[in-house]
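I have placed the structure first, in the form of C-alpha cells, so that the comments after it can refer back to it.
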Amino acid sequence: MKNKRHKTRSIWIDITFSLTIILLTGAAILLILSPDKHTASSPDERPSAPPLETEEIDSNYPGIKIITKTSNDDIAPFAIQYPQSTHSTFNEKITDYITNAQKGYLEIMNSKKTFDEKTKGELNISYETLTHSSGNYSFVLVNNSNFSDSPKGQTEIRSFHLNPETGESYTIFDLLDGNSHRLNELSAIVQKAIEDDSTLQDHLLSKDVELYTKPLWKNFRNYAITDESMIFYFDEHTIADSEIGPPIISIPTAKIEHLLVDVFKQVDDKTDDTKIENSTEETDSTGVEKNDTTDDVDAESEDPIQNESSSDSNETVPSSKKVALTFDDGPDPKVTRQILETLEKHNAKATFFMLGSRVEYYPEIVKEIQEAGHELGNHTWNHADLTKLDTERIIKEINNTSAIIEKVTGEKIEAFRPPYGAVNDKVRAQSNLQIVLWDVDTLDWKHRNPQKLLQNVKEHTKDGSIVLMHDIHQSTADGLDAVLTYLENEGYQFVTVAEL
Ligand code: ZN
Numbered sequence: 067m068k069n070k071r072h073k074t075r076s077i078w079i080d081i082t083f084s085l086t087i088i089l090l091t092g093a094a095i096l097l098i099l100s101p102d103k104h105t106a107s108s109p110d111e112r113p114s115a116p117p118l119e120t121e122e123i124d125s126n127y128p129g130i131k132i133i134t135k136t137s138n139d140d141i142a143p144f145a146i147q148y149p150q151s152t153h154s155t156f157n158e159k160i161t162d163y164i165t166n167a168q169k170g171y172l173e174i175m176n177s178k179k180t181f182d183e184k185t186k187g188e189l190n191i192s193y194e195t196l197t198h199s200s201g202n203y204s205f206v207l208v209n210n211s212n213f214s215d216s217p218k219g220q221t222e223i224r225s226f227h228l229n230p231e232t233g234e235s236y237t238i239f240d241l242l243d244g245n246s247h248r249l250n251e252l253s254a255i256v257q258k259a260i261e262d263d264s265t266l267q268d269h270l271l272s273k274d275v276e277l278y279t280k281p282l283w284k285n286f287r288n289y290a291i292t293d294e295s296m297i298f299y300f301d302e303h304t305i306a307d308s309e310i311g312p313p314i315i316s317i318p319t320a321k322i323e324h325l326l327v328d329v330f331k332q333v334d335d336k337t338d339d340t341k342i343e344n345s346t347e348e349t350d351s352t353g354v355e356k357n358d359t360t361d362d363v364d365a366e367s368e369d370p371i372q373n374e375s376s377s378d379s380n381e382t383v384p385s386s387k388k389v390a391l392t393f394d395d396g397p398d399p400k401v402t403r404q405i406l407e408t409l410e411k412h413n414a415k416a417t418f419f420m421l422g423s424r425v426e427y428y429p430e431i432v433k434e435i436q437e438a439g440h441e442l443g444n445h446t447w448n449h450a451d452l453t454k455l456d457t458e459r460i461i462k463e464i465n466n467t468s469a470i471i472e473k474v475t476g477e478k479i480e481a482f483r484p485p486y487g488a489v490n491d492k493v494r495a496q497s498n499l500q501i502v503l504w505d506v507d508t509l510d511w512k513h514r515n516p517q518k519l520l521q522n523v524k525e526h527t528k529d530g531s532i533v534l535m536h537d538i539h540q541s542t543a544d545g546l547d548a549v550l551t552y553l554e555n556e557g558y559q560f561v562t563v564a565e566l
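Note that the numbering used here has the sequence shown beginning at 67, numbered continuously upward.
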C-alpha cells in the first residue's frame, strides 16, 4: 500500500515533469520559429515607441547632409528623408515641417483605427535638390501618405531654399524683390503656361486656375529655380482635379529672368551685346564664373595695381598706416546694411562704388551710406565694360550714374571705378572723375568665404592699399568684422579713397 502510493506519486511526478519539458520545448520552438510573433499582438500591447532608425550622411552637395528616419512599425511605418545644413534657421524650417507632417500622419492613423483597428498607413517623404549657378539650392520635398482604407494616397509638395554658403534663403517675395508689378507679370506668365500645358488639358479646373494663380505671394511660394527653368508646384486639387496629383509647371528661366533680383540673373542676359565678356587679362576669372550671377562677372580681380603710394608703407609707425576699403556693385538692401553696421562698430570709413541701376532701386540705402559718412563712388549704370562701348554709351553709363547718386544724396561724385577695371584712353577722355582701381583683390565674389576674405587681406594689404570687396555677397558682410579687427590690430586707420 505504502509502496503503491509511492509508485502512484512517482508516476504523477514523471507525467508532470514530462509535460513541463514538452511545454517548455514547445514554447522554445514557437519562439525560434516565429521571432516576429510578438509584434502581431494587439495595438495596446505594442511598445509605445516603435523602432526608429535615424541616419545622417553627407550629400553630394557641399554643406548639405541627408537625414533619413525610418520606422518599420506594423501599423504606421514611415520613411522620411530631408536635408540639413549648417544654418539653423533653414534647418528649423525643415524639421518643423517634418515634425508636423509626422504628427498629422499619426493623428490620421489614430482616428482611422477607432473605426477599424486593422487600418494601416504609410508615410514617405523624399526630396530633390535643384541648383542654380548663383549657389542657391531649391529643395523640393515630396510628402506622400497612403492609408489601407482609401484607394488613393495624398501628395504634398513643399519647397525650401538655401544658399549653403551664405545662409540666405530666397522666398518668392525675395526673388521678385517684393515688387508687386513683377508678381503680376509672373502670375500672367504662369497662368498662360498652365493653359498651354498639354498634360493638364483634360484636368484643369478653370475657375480654380484663376484663383490659384492670382498675383498673391502665397500662390507661388512653392518653387524651384535652376539655370534652365523655374518650376512651380501647386497643391492637389487646386488648379486641376486630383487624378493627376500636384500639378507642376515648368517655365524657361529666360522667360522670367527679367523679373528676378540680380543674384538670379545670368551673365549672358543682363549684359547686352555691347558688354562683351571681358578684356584680355580677365578672361580667366570670368571664364570660370561664366554661369554664375551677373554680379560675379565682377572679375575685377586681375587688374593692375594702381596705387603707387603703397610703397611708402612704414611698418614701424603703426598709427600712420592707412587703408581704403571699397565696396562695389551695390547697394543691396541686406548686405550693404550689414556692412554699414560692421563699419560703424569699428568706427571705419569706406567707399562704395555703386551701380546707377541699383541706386535707382534702393535710394534709401544710398542715403544711409551717405549719412554714415562714407564716400560715394560711380561704378557705371549697368556694370558695363566701357572699353567695349561707343563714346555716347560711355558718357551715358557714367553720367547717368553720377546724376542719380547726386539726385538722391545731393552730393557731388568724384570717384569712378570702371567695371572690371577696364579703362583706356577713350574712356578716360569722357570723364573728369578720378579713376580708382585697387591693389588688394579679396576675390570675395569668387570664393564667397569669410576665411578666404580675411586671408587675402592679410596676405596683400599694406600701407596705402585699396581693398576691393563687394557689398552684394552675404559672405563678405559676414567676414568683414574679422577683417576690420585684424587691420585694426595691425595699426591701420580706415579712410575713404579721397582721404588716402
Ligand atoms: Zn563691379
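The beta-carbon is built from N, C-alpha and C at its ideal position, and this holds for glycine as well.
Keep in mind it's a predicted model, so treat the numbers as computed, not measured.
Buried versus exposed call for residue i [16 or more other C-beta atoms within 10 Å across all chains shown]
| i | result |
| --- | --- |
| T165 | exposed |
| P318 | exposed |
| L118 | exposed |
| D339 | In this prediction, D339 has a pLDDT of 34, which is less than 50 and means its spatial position is unreliable; nothing more can be read from the coordinates. |
| F181 | exposed |
| A450 | buried |
| G311 | buried |
| D139 | buried |
| T457 | exposed |
| K178 | buried |
Sequence-distant residues of its chain with Cβ nearer than 8 Å to residue i (five each side left out)
| i | result |
| --- | --- |
| S446 | First, the amino acid is wrong: residue 446 is Thr here, not Ser. Only L421, G422, L452, E463, I464, T467, P484, P485 meet the Cβ criterion. |
| Y289 | S204, S225, I238, L241, M296, I297, F298, Y299 |
| E574 | The structure shown does not extend to residue 574, since the chain is modelled only from 67 to 566, so the question has no answer here. |
| I471 | M420, G422, V425, V432, L442, N444, E477, I479 |
| V256 | T279, F286, F298, I315, I317 |
| V523 | V506, T508, V533, V549, Y552, L553 |
CB contact below 9 Å: residue i versus chain D
| i | result |
| --- | --- |
| K415 | Here chain D cannot be found, since the structure has a single protein chain. |
6 Å CB neighbourhood of residue i in its chain, flanking five on each side removed
| i | result |
| --- | --- |
| A564 | E441 |
| F144 | S137, L189 |
| N209 | A167, I191, E222 |
| V327 | D243 |
| A481 | G443, Q500, V502, V563 |
| V506 | H526, T527, S531, V533 |
| Y127 | T195 |
Pick from the options that is closest to residue i, judged by C-alpha positions
| i | options | result |
| --- | --- | --- |
| K186 | S177, F213, S199 | F213 |
| H526 | Y552, I191, Q257, G439 | Y552 |
| S386 | Q147, W283, Y558 | Y558 |
| K519 | L499, D544, R287, L503 | In the sequence under discussion, the amino acid at residue 519 is Leu, which differs from the Lys named in the question. Nearest of L499, D544, R287, L503 to L519, Cα basis: D544. |
| G170 | A142, Q257, D328, E158 | A142 |
| I174 | S211, G201, K388 | S211 |
| L228 | K524, S246, E158, V549 | E158 |
| L593 | E309, D140, H247, E410 | Absent from the model: residue 593. The displayed extent of the chain is 67 to 566, so no value can be given. |
| P399 | T408, I431, E407, E426 | I431 |
| K280 | F156, E434, S246 | S246 |
| I479 | D162, A495, Q500, R248 | Q500 |
| S200 | W511, K528, E554, L546 | W511 |
| G530 | A390, F419, N126, N498 | A390 |
| K13 | S125, Y428, E121, L325 | Residue numbering for the chain in the displayed model covers 67 to 566; residue 13 lies beyond these limits and cannot be assessed. |
| T408 | L455, D547, K433 | D547 |
| P217 | E183, E309, T265 | E309 |
| S253 | D263, Q267, E276 | E276 |
| K184 | T161, D215, V489, K388 | D215 |
| D301 | N555, W283, Q220, D262 | Q220 |
| V401 | A495, E556, S497, R514 | R514 |
| I160 | T120, N176, D263, L207 | L207 |
Contact set for residue i: own chain, Cβ-Cβ below 7 Å, skip 5 residues either direction
| i | result |
| --- | --- |
| H198 | I291, T292, D293, F330 |
| D307 | H269, L271 |
| D274 | T304, I305 |
| R424 | G396, P397 |
| P113 | With a pLDDT of only 41 at P113, under the threshold of 50, the placement of this residue in the model should not be trusted; the figure read from the coordinates follows. Within the same chain, P113 has no close Cβ partners at all. |
| V493 | L452, T453, I460, P484 |
| L172 | A142 |
| D124 | K131 |
| D80 | none |
### Query
Quick one: any contact between the segment 216 to 234 and the segment 532 to 541, if contact means 3 or more CB pairs under 8 Å?
yes
### Task
Take every Cβ of the segment 521 to 540, pair it with every Cβ of the segment 393 to 404, and state whether three or more of those distances are shorter than 8 Å.
yes
### Query
Which parts of the segment 375 to 460 are runs of the alpha helix (DSSP H), unbroken and 4 residues or longer, counting only runs that do not cross its ends?
401 to 411, 422 to 427, 429 to 437
### Query
Looking at C-beta atoms only, is the number of pairs between the segment 118 to 138 and the segment 148 to 157 that lie closer than 8 Å three or more?
yes
### Message
Give the list of continuous alpha helix (DSSP H) stretches no shorter than 4 residues that lie fully inside the segment 258 to 321.
### Response
272 to 278
### Meets three-Cβ-pair contact criterion under 8 Å: the segment 426 to 442 and the segment 406 to 416
yes
### Inside the segment 184 to 229 only - beta strand (DSSP E) runs reaching at least 3 residues
187 to 197, 203 to 213, 220 to 228
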